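A quick write-up on the structure given underneath.
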Amino acid sequence: MRIAIVEDEISQQALLIRTLEQQLGREGTVHCQGFSDGLALQRELRRESFDLVILDWSVPSMDGLELLRWLRVWKGSSVPVLMISSRGSDDDVAEVLNSGADDYITKPFRPLELRARVLRLMKRSKPQSPDTPLSIGRWTLDPVGHVVHYREAAEAEPESYTLTSREFNLTLLLFSRLGQTVSRAHLLETAGYETEEAPSRTLDSHVYRLRKKLHLDARRGMILRTVYGQGYQLGLAQEGRP
1 MRIAIVEDEI SQQALLIRTL EQQLGREGTV HCQGFSDGLA LQRELRRESF
51 DLVILDWSVP SMDGLELLRW LRVWKGSSVP VLMISSRGSD DDVAEVLNSG
101 ADDYITKPFR PLELRARVLR LMKRSKPQSP DTPLSIGRWT LDPVGHVVHY
151 REAAEAEPES YTLTSREFNL TLLLFSRLGQ TVSRAHLLET AGYETEEAPS
201 RTLDSHVYRL RKKLHLDARR GMILRTVYGQ GYQLGLAQEG RP
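Note that UniProt numbering has the sequence shown beginning at 1, numbered continuously upward.
This is how it looks when you write it as structure tokens:
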């Protein structure tokens, strides 16, 4: 789980990161990245991807509300956003929620409440259970056995491909974010690598094998594109060039 946190008070930022990593560690690997102003996160979002964004309202250069509105225009509703602030009037809460935030929490936050709200947002954005197959068009991804099924036509027998655990996790992330660019760091962490330690060509090798193994091309309706300087994007063939 990758979480971006915008908080200009260093002590508060450190507290948020420490709390989230402690409270969510049992749910899996948690990577929190802190930013001290809105523009810093805006620049990072142009090349990185996150599962959740936590915004403090009052930060320099581009406040949380302005950043939230930009994020909703640029990313739509695909990324859950939790706003955190010492401002807690009814008007403030209404303005934030009406601007596109998924939830709002007031300072000082309580660790268990923060954990509960974050988990609720993540569950809403990923409603399927870990063992539930994901079906998109002709494709079905079955976590049990790490198998991907492709069916040419409704009455045809499916072609099945058994993937390694890393390959399947990468495929599941790309399919679940269809049409969105997923950063290299996000993909590497999903595959179980420490991004600082993974050789530069490790991800490219995995992607090459997935393209070949699953035949991700226009004929099958899915194209896995390289987004230079950012990462990879899986998209429907009719959405762009083959």
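For glycine and all other residues, C-beta sits at the position ideal for the given N, C-alpha and C. It should be emphasised that the depicted structure is a prediction, and the values quoted were computed from it without experimental measurement.
Residue i: first and last residue of the uninterrupted beta strand (DSSP E) it sits in
i     : result
His31 : His31 to Phe35
Arg26 : First-last for Arg26: undefined, no H or E at that position.
Val59 : Note, Val59: premise wrong, no beta strand (DSSP E); not H, not E.
Integer Cβ distance of residue i from residue j, believed to fall under 8 Å
i      : j      : result
Gly221 : Ser183 : That pair is no contact at about 24 Å.
Arg117 : Asp103 : 5 Å
His186 : Arg2   : 6 Å
Ser160 : Val147 : 6 Å
Gly64  : Gly100 : Wrong, their Cβ atoms sit about 12 Å apart, outside the cutoff.
Arg209 : Glu167 : 7 Å
Leu15  : Cys32  : About 11 Å; that fails the 8 Å criterion.
Ser49  : Thr181 : 7 Å
Leu174 : Leu234 : 4 Å
Ile105 : Leu114 : 6 Å
Leu67  : Leu41  : 7 Å
Ile223 : Leu214 : Not quite, the Cβ-Cβ distance comes to about 11 Å (not below 8 Å), so this is no contact.
With 16 other Cβ atoms within 10 Å as the buried cut-off, status of residue i
i      : result
Arg46  : exposed
Pro127 : Confidence at Pro127 is low in this model, with a pLDDT of 46, below 50, so the placement of that residue should be treated as unreliable; the coordinate-derived value is given next. Looking at its Cβ environment, which holds fewer than 16 other Cβ atoms inside 10 Å, Pro127 is exposed.
Leu203 : buried
Glu239 : Confidence in Glu239 is poor, its pLDDT being 48 and thus under 50, which makes the residue's placement unreliable; the coordinate value appears in the next sentence. Per the 10 Å Cβ criterion, exposed.
Ile84  : buried
Glu7   : buried
Glu152 : exposed
Gly179 : exposed
Trp74  : exposed
Leu112 : exposed
Ala4   : buried
Ser11  : exposed
Asn169 : buried
His206 : buried
Tyr150 : buried
Gly34  : buried
Leu97  : exposed
Thr164 : exposed
Thr171 : buried
First through last residue of the alpha helix (DSSP H) which encompasses residue i
i     : result
Arg43 : Gly38 to Leu45
Val6  : Note, Val6: premise wrong, no alpha helix (DSSP H); beta strand (DSSP E) at Arg2 to Val6.
Val73 : Gly64 to Lys75
Residue i: CB within 7 Å of a non-hydrogen atom of the ligand NAD
i     : result
Phe50 : What this structure holds is no ligand at all, so the ligand NAD is not there to describe.
Flag this pair as touching only if the region 133-147 and the region 19-38 have three or more C-beta atom pairs under 8 Å; answer yes or no.
Between the region 133-147 and the region 19-38 there are fewer than three inter-stretch CB-CB distances shorter than 8 Å, so the stretches are not counted as touching.
Answer yes if the region 41-55 comes into contact with the region 78-95, meaning at least three C-beta pairs across the two stretches below 8 Å, and no otherwise.
Result yes; three or more Cβ-Cβ pairs closer than 8 Å.
Would the region 154-165 and the region 7-24 be scored as touching if the rule is three or more Cβ pairs under 8 Å?
Too few Cβ pairs lie closer than 8 Å, so no.
Give the list of continuous beta strand (DSSP E) stretches no shorter than 3 residues that lie fully inside the region 86-111.
Those beta strand (DSSP E) runs which fall completely within the region 86-111 and span 3+ residues are 103-106.
What runs of the alpha helix (DSSP H), each 4 residues or longer, lie entirely inside the UniProt DNA-binding region "OmpR/PhoB-type" (131-236)?
Whole alpha helix (DSSP H) segments, 4+ residues: 165-176, 184-190 and 202-214.
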